[in-house]
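See below:
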């Protein structure tokens, strides 16, 4: 298995632009998580899906952030409009099982820089 | 709110030495997991210990859990340069997602 796939690996954009991050979870996994990692705040859970349904989006910073999972093999995290404080590494992770106690498999991350 | 807190924040040792990292948490948990992150990479799951377990081994890794003290430790024996990474504990309460600590940065020099 190729593991969790994220694209792009690096994204540099100007403030105000729309940014879309993509994730393909491991086949057969039914939970998907989006995280953001910064030096200041560490690793923060933004949103997670179970069976393509958003379960908890309380970590989404504000309305500029949105996430979708149209099918079991694809998810997007969109930031519109982007701001410099959104600069971070964004990770997607997936796990197998309906509960939250299972080990998670992380993608390589997308390093976002907003100038 | 931050659940797991690792200690120390940074640790430097020589190859062959043992490395011990600690994690403290605030509320009751279902399980506790340890992850490793190499620089510029995603996190990799190392080991999961359930709340009713006290100790678990995996290769050179040994994890203990003391629910009365709300703490866990990760021991890496006979460390290697390749163990250089950040190590995170993550805790899970019933019905909630994993919460990660800020990590311990381990540096192993040869």
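Protein chains in written order, with this note's numbering: chain A, 19 to 133; chain B, -8 to 101. Beta carbons: idealized from backbone N, C-alpha and C, even for Gly.
Item, Value
"For residue 128/A, count neighbouring Cβ atoms within 10 angstroms of its own Cβ and tell me buried if that reaches 16, exposed if not.", "buried"
"Since residue 12/B sits in a beta bridge, which residues does DSSP pair it with?", "65/B"
"Straight-line CA distance for residue 126/A to residue 46/B?", "30 Å"
"Let me see if you follow: with CB-CB separation under 7 Å, is residue 17/B close to chain A or not?", "no"
"Use the C-beta contact count for residue 103/A: other C-beta atoms within 10 angstroms, 16 or more gives buried, fewer gives exposed.", "exposed"
"Since residue 28/A sits in a beta bridge, which residues does DSSP pair it with?", "129/A"
"Can you confirm whether the stretch 64 to 79 of chain B touches the stretch 87 to 96 of chain B when touching is taken to mean that 3 or more C-beta pairs between the two stretches lie within less than 8 Å?", "yes"
"When you compare each of 37/A, 121/A, 115/A to residue 89/B by their alpha carbons, which one comes out closest?", "121/A"
"Which value, in whole angstroms, describes the spacing of the CA atoms of residue 15/B and residue 2/B?", "17 Å"
"What is the DSSP secondary structure of residue 41/B, reduced to helix, strand or coil?", "strand"
"Thinking just about the alpha-carbon of each residue, which of 71/B, 0/B, 28/B is nearest to the one in residue 9/B?", "71/B"
"Using a C-beta cutoff of 7 Å, does residue 10/B count as contacting chain A?", "no"
"With a threshold of 8 Å, are at least 3 pairs of Cβ atoms found where one atom belongs to the stretch 90 to 106 of chain A and the other to the stretch 32 to 50 of chain A?", "yes"
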